[in-house]
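A.B. asks: Provided herewith is a single structure, encoded as structure tokens, for subsequent inquiry.
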Amino acid sequence: MALNVIVDYGTFHDARLDNQLATDSLVPDDVQLQTLHDYPRWKQEGALARY
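Set out below in structure tokens:
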């Protein structure tokens, strides 16, 4: 199994995820707490899965 780990600033992670959401090309990801302020917006957009 190949595993790519991207370590970057939150502003780059959220932009990358927003692009994936906009193009319907989601890649499995673990978004860390540095993007905590993005969660309300992603919830409002219906982009979060319940767990």
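Each residue of the sequence shown is one higher than the one before, counting from 87 in the numbering used here. All C-beta atoms in this analysis are idealised placements derived from N, C-alpha and C, irrespective of residue type, glycine included.
Using beta-carbon positions only, say whether residue 94 and residue 124 come within less than 8 Å of one another.
C.D. replies: Taking the sequence shown and counting its residues from 1, the one referred to as residue 94 is at position 8. Taking the sequence shown and counting its residues from 1, the one referred to as residue 124 is at position 38. It is not a contact, given that the beta carbons lie outside the stated cut-off.
A.B. asks: Measuring straight from C-alpha to C-alpha, what distance separates residue 113 and residue 134?
C.D. replies: The sequence position of residue 113 within the sequence shown is 27, counting from 1. The sequence position of residue 134 within the sequence shown is 48, counting from 1. Taking the straight line joining both Cα atoms gives about 14 Å.
A.B. asks: Using only the alpha-carbon positions, how far apart do residue 105 and residue 137 sit?
C.D. replies: Start at 1 with the first residue of the sequence shown, and residue 105 comes out as number 19. Start at 1 with the first residue of the sequence shown, and residue 137 comes out as number 51. Cα-Cα distance, rounded: 23 Å.
A.B. asks: At the level of alpha carbons, what is the spacing between residue 122 and residue 110?
C.D. replies: Locating residue 122 in the sequence shown gives position 36, where the first residue counts as 1. Locating residue 110 in the sequence shown gives position 24, where the first residue counts as 1. Going from the Cα of residue 122 to the Cα of residue 110 covers about 22 Å.
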